[in-house]
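S.K.: Take this structure first; my questions come after.
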Amino acid sequence: MKKKFLHVLFLILLFFLVSDIYAQYHYSLKRFFEDGISLAEAPGKWDNNDFINLALISGSTYALMYADEPVRGFILSDCKSCIESPVAATLKYWGEPSFNAALSAFFLIQGTLAENSENKELGFLIAQSYLYTGAVTGVLKLSFGRERPKTGGDAFTYHPFSFRNNDYMSFPSGHTSTSFALSTVLASRIDSKFLKVIVYIPALAAGMSRICQNQHWLSDVFFGAFLGYFIGRHLVERSSGWKSKPAESVLPRNVVNVKIQF
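Take the position in the sequence shown, starting the count at 1, then add 7; the result is the number in the numbering used here.
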C-alpha cells in the first residue's frame, strides 16, 4: 500500500511540475506521452544489431538461470547475515520511487528558479525514466510471473499473470531496472568517462542488494540492468531531438524571476 501511495504521489508531482507552464522547452504532457509512444514503437524499428543484442542478452539471462539456485544457496548459507542487513536495505533506494521523485523534483525546481534549462531537462528525464521503466518492467513481471527466491521454490517456477501475488513478480528486478535507467540518464549529463562509470555503481549496488535480500534471482538483476539501460538511453536520445525543435513560451513576459546559483 505504501509503495502504491508513493507511485501516485510521484505521478501527481510529475504532472504538476511538467505541465504546460514549461512548454517553452517542450516540458509538456504531449512530449511525455509522445516519448512513451516512441518507446513502445521502438522494437518495430530495430535493425540487425538490435536483434543481435536482444539475442545475446536473452541467451545470457537464460544461461544465468542455471546459476540462480547456487547463488541463492551461497547467500542463505555463507552470507545469511546480509539478508537482514540495513546496508542492503539502504542500497535499494537508488531505484525507489521516493528517491527518484525527490531527485526529479529537485532538478525541476532548481532549474526553474535558476533558469537552468539543462537541469530542468534532467529532472524531466529522471521522471520519465522511472515511470516508463517501471511500466515496462511491470508488464514483464506480470507476463512471466516468476517466483521469488524467498518462497523457497526453484529458479524455473512461473505463474504468469498472477496479478495479486507479489511473490510471483520476480523477473525482471524492478529496483535494478529503474536504478540503471536513472544512472543512464545521469551519465548522459557527465563528460568524464571515469565519472560515467562511477555513476553506475549505486545502480549495481541496488541490484546486488535485491539478491542479498533474497528478493530476486541473479538473472532477474542481470536482465533488469540491461532493460533499464536501454530505456534510459532511448529517452536520452529522444531528448536530443526535442532540444532541436523550436517552441513558444507560454510564460508571461513581465514576471519576477528568482535565480539561485549552485
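Where a beta carbon is used, it is the ideal one built from N, C-alpha and C, also for glycine.
Model, not experiment: these values are computed from the prediction.
#1: Tell me the start and end of each unbroken alpha helix (DSSP H) in the segment 102 to 145 that is at least 4 residues and wholly inside, in chain order.
#2: Helix or strand or just coil, what does DSSP make of residue 165?
#3: Taking the alpha-carbon positions, what's the residue 54 to residue 233 distance?
#4: Name the one or two DSSP bridge partners that residue 153 has.
#5: In whole angstroms, what is the alpha-carbon distance linking residue 175 and residue 146?
#6: So, are the CB atoms of residue 42 and residue 217 less than 9 Å apart?
#7: What is the DSSP secondary structure of residue 28, reduced to helix, strand or coil?
#8: For residue 337 and residue 144, which I take to be in contact (beta-carbon distance under 8 Å), what is that distance rounded to the nearest angstrom?
#9: Do you know how far the Cα of residue 136 is from the Cα of residue 199?
#10: How far does the alpha helix (DSSP H) with residue 190 in it extend, from its first residue to its last?
#11: Just tell me which of 97, 237 and 59 has its CA closest to the CA of residue 191.
#12: My output table needs one value for residue 174: the three-state DSSP class, helix, strand or coil.
#13: Anyone know if the C-beta pair for residue 222 and residue 186 falls short of 9 Å?
#14: Does the Cβ-Cβ distance between residue 151 and residue 72 come in under 9 Å?
#15: Exposed or buried, which one is residue 94 when buried takes at least 16 other CB atoms within 10 Å?
#16: How many whole angstroms separate the CB atoms of residue 127 and residue 213, which I take to be in contact at a CB cut-off of 8 Å?
#17: Roughly how many whole angstroms lie between the Cα atoms of residue 57 and residue 40?
#18: For residue 243, count the other beta carbons within 10 Å of its own beta carbon; 16 or more makes it buried, fewer makes it exposed. Which is it?
#19: Give me the residue from 79, 109 and 52 with the minimum Cα distance to residue 224.
#20: How many angstroms separate the CA atom of residue 235 from the CA atom of residue 116?
M.R.: Well, looking at it:
#1: 104 to 120
#2: strand
#3: 18 Å
#4: 165
#5: 13 Å
#6: no
#7: With a pLDDT of 45 at residue 28, under the threshold of 50, the predicted position of this residue should be treated as unreliable, though the coordinate-derived value follows. Residue 28 falls in the coil class under three-state DSSP.
#8: Residue numbering for the chain in the displayed model covers 8 to 269; residue 337 lies beyond these limits and cannot be assessed.
#9: 22 Å
#10: 181 to 194
#11: 237
#12: helix
#13: no
#14: no
#15: exposed
#16: The Cβ separation is near 26 Å, so there is no contact.
#17: 24 Å
#18: buried
#19: 79
#20: 25 Å
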